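Input: a single structure, listed below in structure tokens.
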Amino acid sequence: MNYVEPIRDKKKIAQIKNLLRGQNRYRDLLLFVLGINTALRISDLLQLKINHFLDEKGDIKRRFWLKEQKRGKRHEIVINQSIRGTLVEYLEEYAYVATEREHFLFFNPHSNRSIKRGQAWKFISKICREVGLSGNYGTHSLRKTWGYHARMSGVDLALIMHKLNHESIAYTKRYLGITDDELEAVAQRLNL
Numbered sequence: 156m157n158y159v160e161p162i163r164d165k166k167k168i169a170q171i172k173n174l175l176r177g178q179n180r181y182r183d184l185l186l187f188v189l190g191i192n193t194a195l196r197i198s199d200l201l202q203l204k205i206n207h208f209l210d211e212k213g214d215i216k217r218r219f220w221l222k223e224q225k226r227g228k229r230h231e232i233v234i235n236q237s238i239r240g241t242l243v244e245y246l247e248e249y250a251y252v253a254t255e256r257e258h259f260l261f262f263n264p265h266s267n268r269s270i271k272r273g274q275a276w277k278f279i280s281k282i283c284r285e286v287g288l289s290g291n292y293g294t295h296s297l298r299k300t301w302g303y304h305a306r307m308s309g310v311d312l313a314l315i316m317h318k319l320n321h322e323s324i325a326y327t328k329r330y331l332g333i334t335d336d337e338l339e340a341v342a343q344r345l346n347l
């Protein structure tokens with residue numbers, strides 16, 4: 156697997172959202188928003204169904220639990236305002252989907268299945284180029300974007316490690332691109 160980058164610039168994130176809305180690509184918009192807000196791997200995102208998000212009455216849930224495919228761990232997914240708002244747009248565009256609780260969120264319109272990982276990768280890679288991002292971007296960029304922005308917001312590395320279901324802080328540091336030099340620079344800046 157090639158190294159991919161997070162989307163570091165919040166203006167580019169907003170630009171991607173606006174571009175997808177302008178093109179009425181609400182399925183792709185929801186995939187993007189869920190990816191950057193949940194830190195789920197693409198294999199888990201593509202398995203999401205309507206019943207993960209809507210209760211029996213058709214109301215949007217506040218959270219749900221998902222068993223991750225890679226590690227088999229249970230993961231709590233909180234439906235924040237960004238996800239909720241995008242989900243409302245999605246359900247307005249694809250109202251028929253809401254009536255079928257077992258329907259995949261990221262459906263292939265030509266089958267009763269979810270889109271494939273390769274299709275999702277092409278979409279992310281292409282949309283990043285369309286907004287002028289240079290570098291290597293793919294589906295894992297969504298997960299890394301969550302990690303990057305959590306780190307930049309001052310979230311403790313242990314919490315980021317837990318959210319990403321990593322086994323060690325050392326792995327999370329490598330994953331986020333944190334170097335020993337960067338940590339030393341922080342120590343020098345604090346100088347309490």
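Residues 156 to 347, numbered by my numbering, are exactly what the sequence shown covers, in order.
Cβ coordinates follow ideal geometry from the N, Cα and C atoms, glycine included.
A quick note: this is a predicted structure, and the numbers were derived from the prediction, not measured.
What is the rounded straight-line gap between the Cα of residue i and the Cα of residue j?
| i | j | result |
| --- | --- | --- |
| A305 | R180 | 27 angstroms |
| Q178 | L347 | 51 angstroms |
| L195 | P161 | 14 angstroms |
| L312 | I324 | 7 angstroms |
| N157 | L331 | 15 angstroms |
| S280 | T294 | 8 angstroms |
| G348 | L242 | The question about residue 348 has no answer, for the chain in this structure spans 156 to 347. |
| E244 | I333 | 36 angstroms |
| T300 | V341 | 21 angstroms |
| N291 | K277 | 12 angstroms |
| E257 | H317 | 29 angstroms |
| D210 | D164 | 35 angstroms |
| V159 | F219 | 28 angstroms |
| R350 | R329 | The structure shown does not extend to residue 350, since the chain spans only 156 to 347, so no value can be given for it. |
If residue i sits next to residue j, beta carbons under 8 angstroms apart, how far is it from one beta carbon to the other, in whole angstroms?
| i | j | result |
| --- | --- | --- |
| T327 | L338 | At roughly 13 angstroms, the Cβ-Cβ gap does not stay under 8 angstroms, so T327 and L338 are not in contact. |
| L201 | A275 | 7 angstroms |
| E221 | D199 | Here residue 221 turns out to be Leu, not Glu, going by the sequence shown. Between D199 and L221 the Cβ distance is about 6 angstroms, and since that is below 8 angstroms, they are a contact. |
| R298 | G190 | 7 angstroms |
| I238 | V188 | 6 angstroms |
| R272 | I197 | 6 angstroms |
| G302 | I315 | 6 angstroms |
Going by the DSSP bridge assignment, what does residue i pair with across the sheet?
| i | result |
| --- | --- |
| L209 | I215 |
| R204 | Checking the displayed sequence, the identity of residue 204 turns out to be Lys instead of Arg. DSSP lists F259 as partners of K204. |
Item to check | Contained alpha helix (DSSP H) runs [length at least 4] in the region 214 to 287, N- to C-terminal order | outcome: You should have 236 to 248, 250 to 253, 272 to 285.
Checklist entry - What alpha helix (DSSP H) runs, 4 residues minimum, are completely inside the region 290 to 323? => result DSSP runs (the alpha helix (DSSP H)) wholly in the region 290 to 323: 295 to 307, 312 to 318.
Checklist entry - Are the region 281 to 288 and the region 163 to 171 touching, with three or more C-beta to C-beta distances below 8 angstroms? => result A contact exists between the region 281 to 288 and the region 163 to 171.
Next on the checklist: Contact between the region 205 to 225 and the region 244 to 261 is defined here as three or more beta-carbon pairs at a separation below 8 angstroms; is this criterion met?
Outcome noted: These segments touch.
Checklist entry - Can you find at least 3 beta carbon pairs, one from the region 227 to 237 and one from the region 261 to 277, that sit closer than 8 angstroms? => result Two segments are said to touch when three or more pairs of C-beta atoms, one from each, lie closer than 8 angstroms; by this definition the region 227 to 237 does not touch the region 261 to 277.
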